[in-house]
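In the numbering used here, the protein residues as written are 1025 to 1168. Beta carbons are placed, not taken as given, at the ideal position from N, Cα and C, and that holds for glycine.
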């Protein structure tokens, strides 16, 4: 457990975080700030140092023995008009798929204007959204 505490300090995250063991392969991280959850939950490679790690949002009925249906996923929205890269507009679009949490840095600073990426929270037991269509003044735009 100590290596986890050391790694948290190295991440440079501000705010109180405590770490405890629930069962042999499940740790409980307790923190007050959403960005700490995002820092852990949005690591795309799924590893924390050399350990495979998956992050689940706490719910009152959380059971470490049961797979949570709630997952964080990155969605890609290619070929959007540039004015839709504004956070409120992008999150409105992403809401059609799940609960938007954040956009990546190249999306936020428009350094990659051909593709927007947004992290969303979804329930994997719900029907999968295949495409998002919205109307611009000029024409309908569809993202699959």
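Burial state of residue i (16 or more Cβ within 10 Å)
i            : result
residue 1122 : buried
residue 1155 : exposed
residue 1124 : buried
residue 1139 : exposed
Residue i: first and last residue of the uninterrupted beta strand (DSSP E) it sits in
i            : result
residue 1145 : 1139-1147
residue 1101 : 1094-1102
Where the alpha helix (DSSP H) containing residue i begins and where it ends
i            : result
residue 1117 : 1111-1118
residue 1132 : 1129-1132
Backbone CA spacing between residue i and residue j [nearest angstrom]
i            : j            : result
residue 1132 : residue 1109 : 7 Å
residue 1129 : residue 1105 : 18 Å
residue 1117 : residue 1099 : 11 Å
residue 1137 : residue 1150 : 30 Å
residue 1088 : residue 1095 : 15 Å
residue 1115 : residue 1143 : 10 Å
residue 1153 : residue 1120 : 8 Å
Closest by C-alpha distance to residue i, when choosing among the options
i            : options                : result
residue 1145 : 1136, 1130, 1139, 1126 : 1126
residue 1101 : 1113, 1091, 1095, 1090 : 1113
residue 1097 : 1150, 1141, 1042, 1045 : 1141
Any non-hydrogen atom of the ligand MG closer than 7 Å to residue i Cβ
i            : result
residue 1120 : Ligands are entirely absent from the displayed structure, and the ligand MG is therefore not among its contents.
For residue i: DSSP bridge partner residues
i            : result
residue 1123 : 1145
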